[in-house]
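Protein chains in written order, with the numbering used here: chain A, 1 to 141; chain B, 142 to 282; chain C, 283 to 423; chain D, 424 to 564.
Written out below as structure tokens is the structure these notes cover.
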């Protein structure tokens, strides 16, 4: 499959750690959001650009698998990969690496769809988004 | 001072507890928000009613004093008091009681102002809000 | 499959709503946590009881599918179902209903494993947990 | 008053913005936490070092004044200042600048106390902390 990808580094916040001393699992969805935005800023489809183009893309599916724990103070590397596809959907995969321990911490995925301003599902990819996809220099998986 | 007030009961969420095993201090601002909304629903100035009247009231000041810790599983009682005042401001005070230990857990306050849809400060209380204030049956502190 | 289940009602917090005016997707993981704890309190395996028995059960997998949006002020009903299984895992499914619109809002699942106090994976279900499972009055799916 | 200080830069997360399109006020307490940790890492009293020295320092008071709104995508600069004082307390002040608009966004303060592992208040500053304070090169306000 064709994709574009990006890497960012994240610090774990004290308030993101639960009473077991590890990052509360729900916070990974914030990390994924950081990854999407970072990728969008580089490739020209950031949240602001989506907003300016009146593209509303809520998440309809997400999945996370946790491989090893992350503690306060650990440094994380997040790889975010966006896949080219024909359907009117945005599909991302994520890999969270714990740079402090050298272990893979989690993998995940999210799927987004296009809705109009009344939040109704759009079955076709908006033209402005197709044009953006066609302008990218895709890698091959 | 004249006021109206309300009591609600809250359960502490696992995700609200930090690695010390106590409620992370920032979560009290969520409790205060629950208190304001609950008071608003009873007295006819809930978030939805504010929105319908195009009243936008961001918080401009908040203060919290922590008196005793709250652990996961503790039951909380929140007293929220709204004060009548002449200035174009909304002033609330809060008391959080830990029903499990019988101790006062925290006190706090918030101040909100009126802004227009461009988020610019409004110096006068909107008429619809004045009318609402005048319709209330105030208690005396 | 055999299961036990529980229903709870939830209010959406202002701070849980994002700039699209809908509940931010990551907050559903907090709802699921509320559901697990509520079920645990009824059936005798709450967070406190897990802690007292030195059972540590981090989440290793979660999945959420979003079906319809939830707005501030909407009332939610959460159905949480815990499945009996032989593996040393805890498997839950969740259904979030928007009581205000009458629509199914989301479905989800979580899987937890047993770890020791060094957070190392345990391959067998602890005896105290097996005994608890055997004491339950399971329903059949 | 004598102080040490530090500056960090922060990005606003999508999930930190509320339905008014501005950073939800409670998130500033997360920013302040980032500031304290950053200062601690530089001056040798990070969360990990506090933990290793068995110093537990919960927040007992916090105050925030909001001066101008912060939107998604805005860059923030946070100045965190730690004050030298005789009492067994940790006192910080914070200044959040919106680098995108050039405006001061918020000011705040936090006070922490020393507690023992049973979370009981300690009236005297632990010796190891006094030594750390004496080792610093303080500036004068």
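Backbone N, C-alpha and C fix where the C-beta goes; we use that ideal spot for every residue, glycine too.
Original post:
So what does DSSP say about residue 416 of chain C, is it helix, strand or coil?
Top reply: Indexing the third chain from 1 puts residue 416 of chain C at position 134. Residue 416 of chain C falls in the helix class under three-state DSSP.
Original post:
Going by other Cβ atoms of all chains shown within 10 Å of its Cβ, with 16 needed for buried, is residue 317 of chain C buried or exposed?
Top reply: Along the third chain, read from residue 1 onward, the residue named residue 317 of chain C stands at position 35. Buried.
**OP:** Compute the Euclidean distance between the alpha carbons of residue 472 of chain D and residue 77 of chain A, then round it to the nearest angstrom.
**Re:** Position 49 of the fourth chain holds residue 472 of chain D. Position 77 of the first chain holds residue 77 of chain A. Cα atoms of residue 472 of chain D and residue 77 of chain A: separation of roughly 24 Å, rounded to the nearest angstrom.
Subject >> Against chain C: residues of the segment 61-87 of chain A by CB proximity under 7 Å >> reply: The segment 61-87 of chain A vs chain C, Cβ under 7 Å: 61, 62, 63, 64, 65, 66 and 69.
Original post:
Taking Cβ positions only, does residue 27 of chain A come closer than 9 Å to chain C?
Top reply: Residue 27 of chain A sits at position 27 when you count from the first residue of the first chain. Output row for residue 27 of chain A: interface = yes.
**OP:** Would you please verify whether the beta carbon of residue 108 of chain A is less than 9 Å from any beta carbon of chain B?
**Re:** For the purposes of this step, residue 108 of chain A is taken as residue 108 along the first chain, with counting starting at 1. Residue contact check for residue 108 of chain A against chain B: no CB pair falls below 9 Å.
Original post:
Should residue 300 of chain C go down as buried or exposed, given a rule of 16 or more other Cβ atoms within 10 Å for buried?
Top reply: Along the third chain, read from residue 1 onward, the residue named residue 300 of chain C stands at position 18. With 16 or more neighbouring CB atoms inside 10 Å of its own CB, residue 300 of chain C falls in the buried class.
Original post:
With a cut-off of 9 Å, does the C-beta of residue 470 of chain D fall near any C-beta of chain A?
Top reply: Taking the first residue of the fourth chain as position 1, residue 470 of chain D is located at position 47. The C-beta of residue 470 of chain D comes closer than 9 Å to at least one C-beta of chain A.
Original post:
Based on Cα-Cα distance, which residue from B/246, B/231, B/250 and B/245 lies nearest to residue 271 of chain B?
Top reply: Residue 271 of chain B sits at position 130 when you count from the first residue of the second chain. Taking only the C-alpha atoms, the option nearest residue 271 of chain B is B/231.
**OP:** Taking 9 Å as the cut-off, decide whether the C-beta atoms of residue 199 of chain B and residue 237 of chain B are in contact.
**Re:** Along the second chain, read from residue 1 onward, the residue named residue 199 of chain B stands at position 58. Along the second chain, read from residue 1 onward, the residue named residue 237 of chain B stands at position 96. Taking 9 Å as the Cβ cut-off, residue 199 of chain B and residue 237 of chain B do not qualify as a contacting pair.
Subject >> Separation of residue 493 of chain D from residue 446 of chain D, as counted between CA atoms >> reply: Here residue 446 of chain D is taken as the residue at index 23 of the fourth chain, counted from 1. Here residue 493 of chain D is taken as the residue at index 70 of the fourth chain, counted from 1. Rounded to whole angstroms, residue 446 of chain D to residue 493 of chain D spans 6 Å at the Cα level.
Subject >> In DSSP terms, what residue 197 of chain B is bridged to >> reply: Sequence index remark: in the second chain, residue 197 of chain B carries index 56 (1-based). Residue 197 of chain B is bridged by DSSP to B/256.
**OP:** Determine the extent of the beta strand (DSSP E) in which residue 145 of chain B is found, giving its start and end residues.
**Re:** In the second chain, the residue the question calls residue 145 of chain B occupies position 4. Here the beta strand (DSSP E) through residue 145 of chain B covers 143-152.
**OP:** For the alpha helix (DSSP H) containing residue 171 of chain B, list its first residue and its last residue.
**Re:** For the purposes of this step, residue 171 of chain B is taken as residue 30 along the second chain, with counting starting at 1. Run containing residue 171 of chain B: 169-184, per the alpha helix (DSSP H) assignment.
Original post:
Whose Cβ in chain D lies nearer than 7 Å to the Cβ of residue 34 of chain A?
Top reply: If you number the first chain from 1, residue 34 of chain A lands on position 34. Under the 7 Å cutoff, chain D gives 436.
**OP:** Measure from the alpha carbon of residue 278 of chain B to the alpha carbon of each residue in B/183, B/148, B/169 and B/178, then state which is nearest.
**Re:** For the purposes of this step, residue 278 of chain B is identified with residue 137 of the second chain, where counting begins at 1. For residue 278 of chain B, the closest C-alpha among the options B/183, B/148, B/169 and B/178 is that of B/183.
Original post:
How would you label residue 308 of chain C, buried or exposed, when you count the other beta carbons within 10 angstroms and need 16 or more for buried?
Top reply: Within the third chain, residue 308 of chain C is the residue found at index 26, counting from 1. Buried is the call here.
**OP:** Would you mind reading off the limits of the beta strand (DSSP E) that contains residue 501 of chain D?
**Re:** In the fourth chain, the residue the question calls residue 501 of chain D occupies position 78. Start and end: 498-506.
Subject >> Interface partners of residue 312 of chain C on chain B, CB under 9 Å >> reply: Taking the first residue of the third chain as 1, we reach residue 312 of chain C at position 30. Within 9 Å Cβ-Cβ: 154, 155, 156 and 157.
Original post:
Going along the chain, which residues of the segment 243-269 of chain B sit with their C-beta nearer than 8 Å to a C-beta in chain A?
Top reply: Along the segment 243-269 of chain B, none of the residues has a CB nearer than 8 Å to a CB of chain A.
Subject >> One or two residues paired with residue 440 of chain D in a DSSP bridge >> reply: Position 17 of the fourth chain, counted from the first residue, corresponds to residue 440 of chain D. According to DSSP, residue 440 of chain D bridges with D/446.
**OP:** Output yes if chain C places a C-beta closer than 9 Å to the C-beta of residue 178 of chain B; else output no.
**Re:** Along the second chain, read from residue 1 onward, the residue named residue 178 of chain B stands at position 37. Yes, contact with chain C.
Original post:
Taking Cβ positions only, does residue 237 of chain B come closer than 9 Å to chain D?
Top reply: The residue labelled residue 237 of chain B in the question sits at position 96 within the second chain. No, because no Cβ of chain D sits closer than 9 Å to the Cβ of residue 237 of chain B.
**OP:** Determine which residues share a DSSP beta bridge with residue 392 of chain C and list them.
**Re:** By 1-based counting over the third chain, the position of residue 392 of chain C is 110. C/344 and C/374, per the DSSP bridge assignment.
Subject >> residue 135 of chain A: contacting residues in chain B (beta-carbon distance under 8 Å) >> reply: Within the first chain, residue 135 of chain A is the residue found at index 135, counting from 1. The contacting residues do not exist; residue 135 of chain A stays about 34 Å from chain B at best.
**OP:** Please name the residue, chosen from D/491, D/434, D/535 and D/479, that lies closest to residue 525 of chain D on a Cα-to-Cα basis.
**Re:** The residue given as residue 525 of chain D occupies position 102 in the fourth chain. Closest by alpha carbon: D/491.
**OP:** With a cut-off of 8 Å on the beta carbons, I'd call residue 393 of chain C and residue 370 of chain C a contact; round off their distance for me.
**Re:** Here residue 393 of chain C refers to the residue found at position 111 when the third chain is read from its first residue. Here residue 370 of chain C refers to the residue found at position 88 when the third chain is read from its first residue. Their Cβ separation, rounded to whole angstroms, is 11 Å, which puts residue 393 of chain C and residue 370 of chain C out of contact at 8 Å.
Original post:
residue 281 of chain B bridges to which residues according to DSSP?
Top reply: Translated into positions along the second chain, residue 281 of chain B becomes position 140. The partner list for residue 281 of chain B (beta bridge, DSSP) reads B/143.
Subject >> Partners in chain C for residue 8 of chain A, counting only beta-carbon separations shorter than 9 Å >> reply: The count along the first chain starts at 1 and reaches residue 8 of chain A at position 8. In chain order: nothing, as chain C lies at least about 18 Å away.
Original post:
Leaving out five residues before and five after residue 195 of chain B in sequence, what residues of the same chain have Cβ atoms less than 8 Å from its Cβ?
Top reply: Position 54 of the second chain, counted from the start, is the residue given in the question as residue 195 of chain B. Taking C-beta separations shorter than 8 Å and ignoring five residues to either side along the sequence, the partners of residue 195 of chain B in its chain run 258, following chain order.
Subject >> Helix, strand or coil at residue 264 of chain B according to DSSP, with G and I counted as helix >> reply: Within the second chain, numbered from 1, the residue matching residue 264 of chain B stands at position 123. Coil, per DSSP.
Original post:
Which value, in whole angstroms, describes the spacing of the CA atoms of residue 16 of chain A and residue 456 of chain D?
Top reply: The count along the first chain starts at 1 and reaches residue 16 of chain A at position 16. The count along the fourth chain starts at 1 and reaches residue 456 of chain D at position 33. Spanning the two alpha carbons is a distance of roughly 11 Å.
Original post:
Rounded to whole angstroms, how far is the Cβ of residue 72 of chain A from the Cβ of residue 12 of chain A, which I believe are closer than 8 Å?
Top reply: On the first chain, position 72 is the one that residue 72 of chain A refers to. On the first chain, position 12 is the one that residue 12 of chain A refers to. Your pair residue 72 of chain A and residue 12 of chain A checks out as a contact, with CB atoms roughly 5 Å apart and the cut at 8 Å.
**OP:** Could you work out which residues of chain A lie near residue 338 of chain C, taking near to mean beta carbons separated by less than 8 Å?
**Re:** Taking the first residue of the third chain as position 1, residue 338 of chain C is located at position 56. Listed along chain A, the residues sitting closer than 8 Å to residue 338 of chain C by beta-carbon distance are 20.
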